[in-house]
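Below is one structure; the comments refer to it alone.
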Amino acid sequence: MSTQAVFANAWNRPQARKGPNVPYQNDAGSNPVLRGYALAAVSRIVASSAWIQSVLWKLNKFDKLKDTAGIDQYEIRLDPTVIPISSPSESAAPLTDLPAPPPRASSINYYTCADFHELYKSGTVTPSDVVEHLLPLIRRDVEPAGPYSVAFIDSKVDIVRAAAKASTDRYRAGKPLSMLDGVPLTVKDEVHLKGYKRTLGTKLDFSDPGDRTAWCVEKWQEAGAVIIGKTNMHEAGLDTTNNNPNWGTPLNPHNNNYYTGGSSGGSAFAVASGICPIALGVDGGGSIRLPSAFCGIYGLKPTHGRVSSRVDHEWTDSVVVNGPMASNIDDLALGYRIMAQPDSFARRSSRFPNPLVTNESLSGLPKGRKYLGIDRVWINRSDPVVLDMFNAAVERYTKVHGYEVVDISIPLLPQGQKAHALTILSETRSQYSTDKIKQLTWHNQLLLNVAGSHATAQDFIFSQKLRNLLMCHLAWLWEEYPGLLVLTPTTPCAGWKIGKPSDVTSGYGVSDGDMSLRSMEYVYMANFTGAPAITCPMGYTDAGVPVGLMAMGEWGSEEQLIAFGKEGESLLASEGGVRRPKGDKKWIDVLAVQKVVE
């Protein structure tokens, strides 16, 4: 067995060190589901009493992290960024030379960027035609609001039309900038975009004073993409449903009795309903991968620090990353490679290899044996329907694509999830004053007043020691099995069914802490350790709800994950590929447009 990790030569790589042998035991506390007046009343009471907040903190056992076995033998790790060091290489290829995604295979599939590109080149349809078709559907500033506007916070008509016209002119001149030129894309409200407010799904304003655009969005715009608006999200990004009393709750296009997932639920809705082939999401605890899985699309959570969201300074959150969501794997790869160009002014991003360089796109891919690492005890916590799909997917990857299954064990998984939750909530709480917290929804007030306000310095330090322990153990696994992909379902549950209709209409929202933790059980690890992960559609329940398959790779292994996702297209081959939502009102044929009279 080789002991040479694929990315052993990497900046800030943790020591390869096997973690303690601790039997898996998940003794998470039980929390009641709160909704309506009860949620508001409990939130008010908790906010008024530090003693009650402390009791709830202890009931959920956040104070026990310091007692975790073996944790005192590890230093704290505040930054999970690990950057592969590559040899000097050729300059980046022009955007026009990027590999072209193929057009959709049949009329039952989603459109790809290639479908837009070919129609634009032929003059059959123009980018202006497309946006004029879309704007009435997605605008919420008109009466009546567009039928799909619940997925959007805002669409600036003048900005959108100007970008579409510029793209139309380029195609008429025979000079498109890339395969993305003229393609409608969306951006999660959390990300800075010139001309738009940044609300984070709240009633507050977190806009950049200079009214600037984040680096990764600029890269899409430089490639000619038409950003048609900012998408709805779970308020402050602090749950996994996208239930949002402030801006409305988009329903899952595949089954309206289910949530889209969050917190990038508006972006997932936009892609799954056919509005756009690619959208930008933000992932701090599965917020790209969860909605992608629930809505039956692809989502990539990159290595921490790789994709720059810089406006005038680097984002300092230790778990959050920006990444692409797409209806097909080829567009996911295209969107990622363009947005992940190194930002020379960002300390982390500037040091990563450029994915636009051909040999960088292939570097780090495992040679020879391909491994899937499965922690059976962890996986077996999934719902039976999810576990059946997962086992079928593993069988296909081994028999058709030549992977070997390795039984692995990752220590302290439940404790790691608590440490991740403590970390992200503490970092989020630091961005909100007490006055701002009072303006959030009842659920988030409850969450930040309990979990965000009672972490002591000692609690936080021990969480970062546990982060280091997990990163060291993963580094050890990747030395033992170079190129190993840690394989799980994206979530252990088959979607998240809406409990009561009033949960999305009452204006109060809902708080279901146990389901929130369950939905995040597999996704949190990549955020906490900074590793990249991809979710791919692997099947559908009898209720038509999509279920996702997730692979987590070594730091810097995005191209390996994309290759894994490409192989995974075979999982749905018998169904004709990734399934579109059924029904004319659930999927928009965005290219069946009438030409604009000019």
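Take the sequence shown: its letters are residues 1 to 598, numbered as in full-length UniProt numbering. Every residue gets a Cβ at the ideal spot worked out from N, C-alpha and C, and that includes glycine. Predicted model only: the values in this text are computed from it and were never measured.
_Given this structure, state the Cα-to-Cα distance separating Val321 from Ser557, to the nearest angstrom._
15 Å
*What residue range is occupied by the uninterrupted beta strand (DSSP E) comprising Ser283?*
Rather than Ser, the amino acid found at residue 283 in this sequence is Asp. From DSSP, the beta strand (DSSP E) with Asp283 extends over Ile278 to Asp283.
_Between the stretch 143–161 and the stretch 255–272, can you find at least three pairs of beta-carbon atoms closer than 8 Å?_
yes
*Return the residue from the list Pro102, Pro94 and Lys497 that minimises the CA-CA distance to Pro176.*
Pro94
*So the beta strand (DSSP E) Asp407 belongs to, where does it begin and stop?*
Tyr403 to Asp407
_If you follow the alpha helix (DSSP H) that residue 663 is in, where does it begin and where does it stop?_
Past the boundaries of the shown model lies residue 663; the chain is included only from 1 to 598, so the question cannot be answered.
*asked:* Please state the DSSP three-state secondary structure of Gly364.
replied: Low per-residue confidence applies at Gly364: pLDDT is 49, beneath 50, and the placement is therefore not dependable, though the value from the model is reported in the following sentence. Gly364: coil per DSSP, three-state reduction.
_Length of the line joining the Cα atoms of Trp247 and Pro20_ = Looking at the backbone, the Cα of Trp247 and that of Pro20 are separated by about 46 Å.
*With burial defined as no fewer than 16 other Cβ atoms inside 10 Å of the residue's Cβ, what is the status of Ala10: buried or exposed?*
buried
*Considering only residues of the same chain and omitting the five flanking positions on each side of Gln417, which have a CB-CB separation below 6 Å?*
Tyr524
*Those residues which DSSP pairs with residue 605 across a bridge*: An answer regarding residue 605 cannot be provided, because it is not within the stretch 1 to 598 covered by the chain.
*Start-to-end residues for the beta strand (DSSP E) that takes in Asn109*: Taken as a continuous stretch (DSSP letters only), Asn109 belongs to no beta strand (DSSP E), as it is neither H nor E.
*Backbone CA spacing between Ile562 and Pro302 [nearest angstrom]*: 11 Å
*Buried or exposed for Ala543, please, with buried defined as at least 16 other CB atoms from any protein chain shown within 10 angstroms of its CB.*
exposed
*Thinking C-alpha only, which one of Arg13, Glu235 and Leu39 is nearest Lys436?*
Glu235
*asked:* Cutting at 8 Å between CB atoms, please list the residues of its own chain near Met389, excluding the five before and the five after it.
replied: Pro489, Met538, Gly539, Val547 and Leu549
*State the start and end residues of the unbroken beta strand (DSSP E) segment that holds Ile534.*
Ala533 to Tyr540
*Which residues in the same chain as Gln4 place their Cβ atom closer than 8 Å to its Cβ, once the five residues preceding and following it in sequence are excluded?*
Only weak support is given to the placement of Gln4: the predicted model assigns it a pLDDT of 46, under 50, and the value that follows is read from those uncertain coordinates. Hits under 8 Å: Glu479 and Pro482.
_Glu559 versus Leu356: straight-line alpha-carbon distance, rounded_ = 11 Å
*What three-state label does DSSP hand Ser149 in the structure shown?*
Correct three-state label for Ser149: helix.
_Considering just the uninterrupted stretch of the alpha helix (DSSP H) at Thr434, what are its terminal residues?_
Unbroken alpha helix (DSSP H) run through Thr434: Thr434 to Ile437.
_Validate contact between the stretch 492–504 and the stretch 38–53 using beta carbons, cut 8 Å, 3 pairs_ = no
_Using 8 Å as the threshold, is the C-beta distance between Ala92 and Met179 below it?_
One thing to note: Ala92 has its Cβ no nearer than 8 Å to the Cβ of Met179.
*Three or more C-beta pairs closer than 8 Å, one from the stretch 127–143 and one from the stretch 580–593: is that the case here?*
yes
_According to DSSP, is Asn322 part of a helix, a strand, or is it coil?_
strand
*By the 10 Å Cβ neighbour count, where 16 or more other Cβ atoms means buried, how is Tyr371 classified, buried or exposed?*
buried
*Considering only C-alpha positions, which residue in the set Gly553, Val142, Ala451 and Val157 is nearest to Gly373?*
Gly553
_Beta-carbon proximity of Leu425 to Ala451, cut-off 8 Å_ = yes
*asked:* Check for me: the beta strand (DSSP E) holding Gly237 runs from which residue to which?
replied: Per DSSP, Gly237 belongs to no beta strand (DSSP E) and is neither H nor E.
*Between Gln15 and the rest of its own chain, which residues show a CB-CB distance below 8 Å, the 5 nearest in sequence each way excluded?*
Cys472 and Ala475
*For Gly568, collect the residues of the same chain with a Cβ closer than 6 Å to its Cβ; drop the 5 residues on either side in sequence, then sort them by chain order.*
For Gly568, where only same-chain residues beyond five positions count, the Cβ hits under 6 Å are Cys536.
_C-alpha gap between Arg13 and Ala526, whole angstroms_ = 15 Å
*Leaving out five residues before and five after Lys566 in sequence, what residues of the same chain have Cβ atoms less than 7 Å from its Cβ?*
Ile329
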